[in-house]
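Position 89 (the sequence shown) corresponds to 158 in this note's numbering; numbering is contiguous.
Ideal Cβ placement from N, Cα and C applies to all residues, glycine included.
Computed from a predicted model, the values in this text were never measured in an experiment.
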Amino acid sequence: MNTDSIRFPAEYDPSRCPVHVVHTIEISASPAEVWDHLITAADWQTWQPALSNVRIQDGSRKLSQDATFTFKASGVTSAVEVKEFVPNQRIAWSGRAAGLQAYHIWLITPTPNGCRVLSEETLRGIVPRLLKWFAPNLIHNSNQKWLEALAVRSLATTNSAH
70 MNTDSIRFPA
80 EYDPSRCPVH
90 VVHTIEISAS
100 PAEVWDHLIT
110 AADWQTWQPA
120 LSNVRIQDGS
130 RKLSQDATFT
140 FKASGVTSAV
150 EVKEFVPNQR
160 IAWSGRAAGL
170 QAYHIWLITP
180 TPNGCRVLSE
190 ETLRGIVPRL
200 LKWFAPNLIH
210 NSNQKWLEAL
220 AVRSLATTNS
230 AH
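Structure representation (structure tokens):
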């Protein structure tokens, strides 16, 4: 998997955004297992403590194509819409919060021992421009922790199934 398979909308192209973070992790769990945790947004706050107040607008527990939802991360509430949804492979959403717009893509690729997850996000607006100078690692660290928490959650449920 490489970033060649990442397709950002023009306005979120990394060359046009002050914040661009990329993370990958290998997880010894099936793509389907990881996918289920990633799209079950109603449960995020149970395994990723930095996230809270997750609400999918239609009341469902899981994300789907064109789903809209809100969540709070690092004290900031974001309004988000799912833009891409390919089960067990890819999900992307765009989001807005005060002073920023973001586009976050997740890719899941099967490996011999489970899967590789790539998380790539770009942010634009006044807040990301300020973050670049005053808290350059905030988004990087936040996304890394989210990916690590996804791995821990996926491994825990995979191991409990055996």
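Distance between beta carbons of Ile-108 and Gly-183, contact taken as under 8 Å: Not a contact, Cβ separation roughly 17 Å.
Coarse secondary structure for Ala-167, derived from DSSP in three states: coil
6 Å Cβ shell around Val-90 - same chain, five flanking residues per side excluded: Glu-190, Ile-208, His-209, Asn-212
Enclosing beta strand (DSSP E) for Thr-115 [first to last residue]: Careful: Thr-115 lies outside any beta strand (DSSP E), inside the alpha helix (DSSP H) at 113-116.
Beta-carbon spacing of Arg-159, Leu-176 below 9 Å: yes
Opposing strand residues paired with Glu-190 [DSSP bridges]: Val-90, His-173
Host beta strand (DSSP E) of Leu-120 (start-end): 120-125
Helix, strand or coil at Asp-73 according to DSSP, with G and I counted as helix: Confidence in Asp-73 is poor, its pLDDT being 48 and thus under 50, which makes the residue's placement unreliable; the coordinate value appears in the next sentence. Asp-73 falls in the helix class under three-state DSSP.
Same chain, Cβ closer than 6 Å to Ile-174, five either side skipped, listed in chain order: Ile-75, Ala-161, Glu-189
C-alpha distance - Arg-185 paired with Glu-153, whole-angstrom precision: 19 Å
Nearest-angstrom beta carbon gap, Pro-100 and Asn-157 [assumed within contact, 8 Å]: 5 Å
Coil, strand or helix - Thr-300 by DSSP: In this structure the chain extends from 70 to 231, so residue 300 is not present and cannot be described.
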